[in-house]
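J.: Below you'll find the structure I mean.
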Ligand code: NAD
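In this note's numbering, the protein residues as written are 1 to 507.
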């Protein structure tokens, strides 16, 4: 669809003008389209297209790696591991720091790649680059703090040590919603620990991954330590099979949907690989009567509409106590009118880009029509627009029989459920088989402690709608995953603990 056709289809209040065609003006060497294996840019037998989700136009053709390329990448990573693990922690730290500096230096171009391949507004894409680079910075520092333990021995003739060692080759499989940050959050920790990596980026967003590999090379990270095998949706299962079953791979680190995570875990079981899984969420956002309502509205806007609702920690279910329910709806509706502008992400005033593809838009539209058919009232938006756009939507009179309260939406829909008691809100919040993030707004200190402890989630925002930073531990309870990323725990996911017992000592 052309930009002009798009303009005709969008309601003038929500849509800023889309007047021109858009082209990605990032040049080589950051615009890479081949795989990166053992330090070489590598073509595959065929190509697959990368589309701008805002217009549907093709922005690049990328090498479609298959199982052969994946195996070569695993072998190269295994070979490189033999020397990378011998680097001192300080040497690895210096290289990660250099990579961080190069990302910062090229942040504008890297952000444009994100905007064009994922649809994310440019200001948010720049934010992602800062966030993504911060993991290289953080783990360049953590690399030098991998301590073991000297354990008090129960025997007079023996001394006991616990030593930390890298796991080996890590296979890194990432989603499209943070095309850069989901890679560095894993790869920086892996490299800091002394592991090497094979990255399979999402089929929708391979360009950011390849640009990261280019900068890793410029930073002086040796050949084979970082490998990238982009591939199409068609080749993904075969490439995934190699990464999850090859005995030379010691660790799978995945971010994506819970359904795919289970498939990968099953494949990895035969060779008993270590696994980190950052999976789907279904975050509750609770507003209690005691809340500072303006703060709650600010938190709701940030946690719902960032990346058009396409983050795993986006609030999915809004629970609002009776005493403030009507006022919250009014204020949040006004904030939506004031702050949300749909358009191409490269336009400076855009806050709401498209969803990643028409399939995603269809899923969100289906949730809206299901809610409406079961009695929900549309207070704002409610329509799917052409292409991959969906209007930011505010739904009232929502109940827990509706699809949007039972599954992750991954789109700009705010369904609001009214509740009366704290116990009722906590019960609704916890009635889910996933538990990634949760948010609540309250000024009652006792309630804050009670609810923060009661929520079955890995991350809690108390009077705060944005949680992510490298210092925090990112991860979920229940089927939201295994392990943690970032924080002092992130590097542990790539380390083994070796117990050494020195015997025969003369006391
Ligand atoms: P997805 O599971 O469809 O895809 C994620 C990645 O897995 C992609 O690279 C895809 O190509 C790959 N994949 C799919 N099948 C595979 C197979 N058989 N073998 C190997 N790789 C395979 O998820 P998505 O739609 O890209 O991402 C959205 C999901 O990710 C949401 O559920 C969201 O909550 C979750 N997510 C979680 C976090 C977190 O940290 N917990 C962060 C971002 C996104």
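Backbone N, C-alpha and C fix where the C-beta goes; we use that ideal spot for every residue, glycine too. Since we're looking at a predicted model, the values are computed, not measured.
Would you say the beta carbon of residue 67 comes nearer than 8 Å to a heavy atom of the ligand NAD?
T.: Numbered from 1 along the chain shown, position 67 holds the residue referred to as residue 67. The answer is no for residue 67.
J.: Secondary structure at residue 465, three-state DSSP: helix, strand or coil?
T.: Here residue 465 corresponds to residue number 465 of the chain shown, with the count starting at 1. Residue 465 falls in the coil class under three-state DSSP.
J.: Are the segment 230-248 and the segment 115-133 touching by the rule of at least three beta carbon pairs closer than 8 Å?
T.: Because the criterion of three Cβ pairs below 8 Å is not met, the segment 230-248 and the segment 115-133 do not touch.
J.: Have a look at 352, 347, 155, 345 and flag the residue whose alpha-carbon is nearest the alpha-carbon of residue 338.
T.: The residue labelled residue 338 in the question sits at position 338 within the chain shown. The shortest Cα separation from residue 338 among 352, 347, 155, 345 belongs to 352.
J.: Leaving out five residues on either side along the sequence, give the residues of the same chain with a beta carbon under 6 Å from the beta carbon of residue 258.
T.: In the chain shown, the residue the question calls residue 258 occupies position 258. So the list reads 279, 280, 479, once near-sequence residues are dropped.
J.: Would you kindly work out how many angstroms separate the C-alpha atoms of residue 188 and residue 277, rounded to a whole number?
T.: As a working note, residue 188 is residue 188 in the chain shown. As a working note, residue 277 is residue 277 in the chain shown. Cα to Cα, the separation comes out at about 16 Å.
J.: Quick check: what's the CA-CA separation for residue 452 versus residue 434?
T.: Along the chain shown, one-based indexing puts residue 452 at 452. Along the chain shown, one-based indexing puts residue 434 at 434. Distance between the alpha carbons of residue 452 and residue 434 is about 16 Å.
J.: In terms of residue numbering, what span does the alpha helix (DSSP H) encompassing residue 405 cover?
T.: Stepping through the chain shown from its first residue, residue 405 is reached at position 405. Here residue 405 belongs to no alpha helix (DSSP H), and DSSP marks it neither H nor E.
J.: Could you give the residue range of the alpha helix (DSSP H) that holds residue 185?
T.: In the chain shown, residue 185 corresponds to position 185, counting from 1. Where residue 185 is concerned, the enclosing alpha helix (DSSP H) stretches over 181-193.
J.: Start and end of the beta strand (DSSP E) containing residue 417?
T.: Translated into the one-based positions of the chain shown, residue 417 becomes position 417. Residue 417 -> beta strand (DSSP E) spans 413-419.
J.: Tell me which residues share the same chain as residue 400 and place their Cβ nearer than 8 Å to its Cβ, disregarding the 5 neighbours each side in the sequence.
T.: Numbered from its first residue, the chain shown carries residue 400 at position 400. Hits under 8 Å: 406, 417, 428, 431.
J.: Given this structure, state the Cα-to-Cα distance separating residue 55 from residue 173, to the nearest angstrom.
T.: On the chain shown, residue 55 is found 55 positions in, with the first residue counted as 1. On the chain shown, residue 173 is found 173 positions in, with the first residue counted as 1. Approximately 27 Å, taken between the alpha carbons.
J.: From what residue to what residue does the alpha helix (DSSP H) around residue 359 run?
T.: Along the chain shown, one-based indexing puts residue 359 at 359. Start and end: 358-373.
J.: Out of 468, 103, 158, state which residue places its alpha-carbon closest to the alpha-carbon of residue 504.
T.: Counting from 1 along the chain shown, the entry for residue 504 is found at position 504. Comparing Cα positions, the closest option is 158.
J.: Of the choices 122, 130, 216, whose alpha-carbon is the least far from that of residue 36?
T.: Indexing the chain shown from 1 puts residue 36 at position 36. The shortest Cα separation from residue 36 among 122, 130, 216 belongs to 216.
J.: Cutting at 7 Å between CB atoms, please list the residues of its own chain near residue 502, excluding the five before and the five after it.
T.: Here residue 502 refers to the residue found at position 502 when the chain shown is read from its first residue. For residue 502, where only same-chain residues beyond five positions count, the Cβ hits under 7 Å are 158, 159.
J.: Should residue 494 be labelled buried (16 or more other beta-carbon atoms within 10 Å of its own) or exposed?
T.: Stepping through the chain shown from its first residue, residue 494 is reached at position 494. Buried: at least 16 other Cβ atoms inside 10 Å.
J.: Should the segment 163-171 be regarded as contacting the segment 101-116, the criterion being three or more beta carbon pairs within less than 8 Å?
T.: Touching, no, given that fewer than three Cβ pairs across the two stretches are closer than 8 Å.
J.: Among the residues of its own chain, which have a CB less than 7 Å from the CB of residue 368, if the five just before and after it don't count?
T.: Working through the chain shown from its first residue, we reach residue 368 at position 368. Closer than 7 Å at Cβ, skipping near neighbours: 382, 393, 413.
J.: Report the partner residues of residue 501 according to the DSSP bridge assignment.
T.: Against the chain shown, residue 501 aligns to sequence position 501. Note: residue 501 sits in a beta bridge opposite 160.
J.: Does at least one heavy atom of the ligand NAD sit under 8 Å from the Cβ of residue 241?
T.: Indexing the chain shown from 1 puts residue 241 at position 241. Checking the Cβ of residue 241 against the ligand NAD gives yes.
J.: Hey, is the segment 283-299 in contact with the segment 308-327, meaning 3+ C-beta pairs nearer than 8 Å?
T.: Result yes; three or more Cβ-Cβ pairs closer than 8 Å.
J.: Looking at the ligand NAD, does it come within less than 8 Å of residue 508, judged from the CB to the closest heavy atom?
T.: What the structure shows of the chain is the stretch from 1 to 507, and residue 508 is not part of that stretch, so it cannot be assessed.
J.: State the DSSP-derived secondary structure class of residue 224, mapped to helix, strand or coil.
T.: In the chain shown, residue 224 corresponds to position 224, counting from 1. Note: residue 224 maps to coil in three-state DSSP.
J.: Within this structure, are the beta carbons of residue 79 and residue 220 separated by less than 9 Å?
T.: As a working mapping, residue 79 is identified with position 79 in the chain shown. As a working mapping, residue 220 is identified with position 220 in the chain shown. Contact flag unset, no.
J.: Expressed to the nearest angstrom, what Euclidean distance is found between the alpha-carbon atoms of residue 58 and residue 305?
T.: Position 58 of the chain shown, counted from the start, is the residue given in the question as residue 58. Position 305 of the chain shown, counted from the start, is the residue given in the question as residue 305. Taking the straight line joining both Cα atoms gives about 26 Å.
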